[in-house]
Structure formats: structure tokens, C-alpha cells
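Numbering (the UniProt record's numbering), first residue to last: 1 to 380.
The C-beta atom is built at its ideal place from N, Cα and C for all residues, glycine as well.
Computed from a predicted structure; not experimentally measured.
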Ligand code: ACO
């Protein structure tokens, strides 16, 4: 939206359409409905890569050689166990706390514990990125378990990132179709140019603050339902609707109440989110695996109704919410799963911002009272 005031000829609310910097990390192209990570279509990466390979690609610009992948896997597996200080702080938080608040607090603790936090060299920041990459699954998995009165599950270093994450959460490794759907979701969530949370991380980095602070701020931005919080909100919508035959009437009521329908619409994509078909295919496999045609019918009914009524397409959160539900994650854990994935993109952006930093400090148009003065105090 563009508005005009006397003080400034053009204001772009929400920075809509404003290009603020260059990036070599990903390209979102709404015209061709495509998303590239370092030049590779995300669909190809989702079909052929492990999440570890995609993390390396985002950080380094190239897919890893066998030796580079082995190095990353070794470093990640060595740091998977929940650090004692992090566990102590998580245990001190109430189980009524939102899991996003827990994960945000955990990243603060990891940063406060790290003697290299202030070291802004690329090598140090890369090591911090790998540390967060390795630690976040332990935090998210343990937080879900403690809410159910379950013990911590120690990591297994014979499993890859996605399988180990599920192992630490559920105490078992699910069937390959489930691990694969989870891997695909992690790859699709990893990076999306200057979205709100990534931009937050870049703003914080531009002040020469540290990488952990940037990630803490990004988590705060991701929590909101207009951004990452939507995957959780989609499941609440499904619970509220109940079944496919209620979808149309529910939508009419919700739109009449001027509600935003979670999991639909996007600031950049106006004809459909490039990531949805890949995640929907993974969701279809989960629906067949868990024999939940009712969930698929509800999904299709709401999408059909929304497209017919508003011509607004689903975004990635629409298929990933029910996919995470079928995998067994608590609804409140969905957005922390997004954090565990997006931390790869955020940290790549932190390092890119530092390569050619300029303090991010926009202007505003003042619309408050004109200059005025306090009355002189009465003299006695
Ligand atoms: N439900 C109902 N109406 C919608 C929706 C929606 N989900 N999305 C857009 N619209 C309508 C708006 O009301 C507006 O209508 P109007 O012109 O009559 O006022 C029009 O479409 C344009 O929408 P804007 O809000 O201006 O679009 P914007 O680019 O600012 O918003 C956003 C994008 C925030 C994602 C919006 O579509 C939304 O709120 N969606 C629901 C939340 C959501 O799913 N977020 C996830 C984003 S993707 C991700 O994080 C992976």
C-alpha cells in the first residue's frame, strides 16, 4: 500500500515492493512461481538432497563434496546432545510457556554460554550456525517430551538429521515415508529471501550485534501468525471446522467476521506458493500412510472454498501444518520446527549481511503534533 503525506511523498507500508539489498542466497520468482536456493530449484533439492546438504549449500554457496558433507555431519552429530545449561533453563520454564518462547530462550542461553559469541569472523559465525543447527532439534524434541511427562531421549549418531530429530522427539524412528516427508518440509522451510524473520536477523546483524542475538530476534518475528505461526494456526482452523462438509459454511462465517484464513495468501506469491505442490505431495503420502482420508477431504474442501470465494491460494504452512500433525508433533511445536529449519537460512543471511554491511536504518514521516512548548511554570 502506498500513501502520501506532506512530510514524505511516498510511504510503502510494510515495505511492500521495496528492494532493500542484494542477496545471492535465494531467489523468489512469483512470475514463474519458482524458488531457487543458490540457483537450484527447491523442488530438485527436496527430491535429491539431505537437509545437511541443503544447509551446506545455503552457508557456502555450493553443494558439498563427499568430504565436506562428512565434515558437516561429524560436527553436527558431535553437538546434538542437549547442553546441560540449556536443559536446566528449559526445565525452569513452565510447560504452559509457548514452545516458541522456550526455543527463543534456549538460543539466548546457547549464545550466553559460547565464549566465541562476540567473534564476528566468518569462521566463528559458521561454527555458531552449525552449533544452532545441531542443538535446536534437541531443544524442540525435549520441550515436546517434557510437556507429556516423558524423559529426554539421547541423540543417535547413526541417524541423519531428520531421522534423529524424529527419534529424539518420539523415542522411535518412524517409517521411511514419514522421515522423508519431514526431510522435505525442512528443506522447503529453510530459506525464503527477505521474509520478515530473515530481515529482522539482518537488521540486528547490521548493528554489528552477534549471530545469536540475530537468531533470537528472528524467532520473535517468526512466531507471529502472519508469518511462521501460521502452520500452527492452520491446525487450529482444522480443529475448529471439524469436517469437510463444514468447510464452506465455516469460511463464510470467518470471512464475514473479517478473519484472515491461516495458511492462505502470501506477500510475494500472488498465484500460489512455489513450495506447496512439493509439500502437498509429501502430505498425500502421509495421509495414505496414516489412513486419514478425512483430513485430506477437509484440506481439499477448505482450499476449494477459499479459491472459489477469494481466489487466494494456500502457502507452505497449509500443507505442512497437517503433515506435522500426522507425524505426531503437538500443534504448538509446529513453528519451532520451522525455526530448526530456517536457522540455516537466517545464519546464511547473517554472514552475507556482514560481508558488505550497512546499518539498516530507514526514515519515517512524522505525523504527530506540530512543534509546541510547555507553559512557563507559574512564579510564586
Ligand atoms: N484470508 C483472508 N483474506 C486474505 C488473506 C487470508 N489469508 N490473505 C490475504 N487476504 C486478503 C486481504 O484481506 C486483502 O483484502 P482487501 O484488499 O479486500 O483488504 C487482500 O487479500 C490482500 O492481502 P494483504 O493482507 O494486503 O496481503 P499481504 O501481502 O499484506 O499479506 C499475508 C500477506 C500476511 C501472508 C496474508 O496473506 C495473511 O495474513 N495470510 C494468513 C497468514 C499466513 O498464512 N501466513 C503465512 C505466510 S507464508 C509463511 O510464513 C511460510
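Measuring straight from C-alpha to C-alpha, what distance separates residue i and residue j?
{"i": "residue 183", "j": "residue 354", "result": "29 Å"}
{"i": "residue 336", "j": "residue 316", "result": "15 Å"}
{"i": "residue 131", "j": "residue 13", "result": "36 Å"}
{"i": "residue 219", "j": "residue 108", "result": "11 Å"}
{"i": "residue 112", "j": "residue 363", "result": "33 Å"}
{"i": "residue 17", "j": "residue 231", "result": "25 Å"}
{"i": "residue 303", "j": "residue 345", "result": "29 Å"}
{"i": "residue 291", "j": "residue 279", "result": "18 Å"}
{"i": "residue 75", "j": "residue 233", "result": "35 Å"}
{"i": "residue 318", "j": "residue 189", "result": "12 Å"}
{"i": "residue 2", "j": "residue 10", "result": "Low per-residue confidence applies at residue 2: pLDDT is 47, beneath 50, and the placement is therefore not dependable, though the value from the model is reported in the following sentence. So the alpha carbons of these two residues sit roughly 6 Å apart."}
{"i": "residue 369", "j": "residue 311", "result": "42 Å"}
{"i": "residue 293", "j": "residue 287", "result": "6 Å"}
{"i": "residue 171", "j": "residue 142", "result": "11 Å"}
{"i": "residue 39", "j": "residue 327", "result": "31 Å"}
{"i": "residue 105", "j": "residue 333", "result": "15 Å"}
{"i": "residue 359", "j": "residue 36", "result": "27 Å"}
{"i": "residue 305", "j": "residue 251", "result": "7 Å"}
{"i": "residue 301", "j": "residue 86", "result": "43 Å"}
{"i": "residue 204", "j": "residue 198", "result": "10 Å"}
{"i": "residue 138", "j": "residue 52", "result": "16 Å"}
{"i": "residue 116", "j": "residue 60", "result": "21 Å"}
{"i": "residue 227", "j": "residue 341", "result": "14 Å"}
{"i": "residue 4", "j": "residue 282", "result": "Any reading at residue 4 is ruled out, since the residue's pLDDT is 49, under 50, leaving its predicted position unreliable."}
{"i": "residue 134", "j": "residue 273", "result": "29 Å"}
{"i": "residue 263", "j": "residue 356", "result": "35 Å"}
{"i": "residue 223", "j": "residue 110", "result": "19 Å"}
{"i": "residue 271", "j": "residue 285", "result": "25 Å"}
{"i": "residue 185", "j": "residue 320", "result": "7 Å"}
{"i": "residue 44", "j": "residue 221", "result": "29 Å"}
{"i": "residue 98", "j": "residue 260", "result": "22 Å"}
{"i": "residue 58", "j": "residue 374", "result": "56 Å"}
{"i": "residue 330", "j": "residue 167", "result": "15 Å"}
{"i": "residue 361", "j": "residue 195", "result": "17 Å"}
{"i": "residue 289", "j": "residue 175", "result": "9 Å"}
{"i": "residue 22", "j": "residue 15", "result": "15 Å"}
{"i": "residue 276", "j": "residue 29", "result": "14 Å"}
{"i": "residue 225", "j": "residue 84", "result": "32 Å"}
{"i": "residue 31", "j": "residue 20", "result": "20 Å"}
{"i": "residue 56", "j": "residue 71", "result": "10 Å"}
At a cut-off of 7 Å, is residue i close to the ligand ACO when judged by its beta-carbon and the heavy atoms of the ligand?
{"i": "residue 225", "result": "yes"}
{"i": "residue 315", "result": "yes"}
{"i": "residue 334", "result": "no"}
{"i": "residue 230", "result": "yes"}
{"i": "residue 187", "result": "no"}
{"i": "residue 80", "result": "no"}
{"i": "residue 266", "result": "yes"}
{"i": "residue 262", "result": "yes"}
{"i": "residue 280", "result": "no"}
{"i": "residue 310", "result": "yes"}
{"i": "residue 345", "result": "no"}
{"i": "residue 272", "result": "no"}
{"i": "residue 14", "result": "yes"}
If residue i and residue j are in contact, beta carbons under 8 Å, what's the gap, nearest whole angstrom?
{"i": "residue 367", "j": "residue 136", "result": "The pair is not a contact, with the Cβ atoms about 41 Å apart (cut-off 8 Å)."}
{"i": "residue 24", "j": "residue 352", "result": "7 Å"}
{"i": "residue 163", "j": "residue 173", "result": "5 Å"}
{"i": "residue 323", "j": "residue 187", "result": "Incorrect: roughly 13 Å between the Cβ atoms, too far for contact."}
{"i": "residue 181", "j": "residue 350", "result": "That belief does not hold up - the Cβ atoms of residue 181 and residue 350 are roughly 29 Å apart, past 8 Å."}
{"i": "residue 215", "j": "residue 343", "result": "6 Å"}
{"i": "residue 297", "j": "residue 244", "result": "4 Å"}
{"i": "residue 192", "j": "residue 26", "result": "7 Å"}
With a threshold of 8 Å, are at least 3 pairs of Cβ atoms found where one atom belongs to the stretch 153-160 and the other to the stretch 75-92? As far as the Cβ criterion goes, the stretch 153-160 touches the stretch 75-92, which means the pair count is three or higher.
Along the chain, which unbroken stretches of the alpha helix (DSSP H) at least 4 residues long are found entirely within the stretch 57-91? Complete alpha helix (DSSP H) runs here, min 4: 66-78.
Contiguous alpha helix (DSSP H) assignments of at least 4 residues, all confined to the stretch 175-206: Restricted to the stretch 175-206, the alpha helix (DSSP H) segments that are unbroken, complete and at least 4 residues in length are 176-189 and 196-206, listed in chain order.
Hey, is the stretch 122-130 in contact with the stretch 207-215, meaning 3+ C-beta pairs nearer than 8 Å? Yes, the stretch 122-130 touches the stretch 207-215.
Please specify which runs of the alpha helix (DSSP H), each continuous and at least 4 residues long, are wholly inside the stretch 247-307, giving them in chain order. You should have 247-256 and 276-290.
Check whether the stretch 92-106 and the stretch 64-75 are in contact - that is, three or more C-beta pairs closer than 8 Å. Contact fails: fewer than three Cβ-Cβ distances are below 8 Å.
Unbroken stretches of the alpha helix (DSSP H), 4 residues or longer, contained in the stretch 326-360: As far as the stretch 326-360 is concerned, its whole alpha helix (DSSP H) runs of at least 4 residues are 334-355.
Minimum length 4: unbroken alpha helix (DSSP H) runs contained in the stretch 115-161: List check, alpha helix (DSSP H) in window: 122-147.
Contiguous alpha helix (DSSP H) assignments of at least 4 residues, all confined to the stretch 201-241: List check, alpha helix (DSSP H) in window: 211-223 and 230-241.
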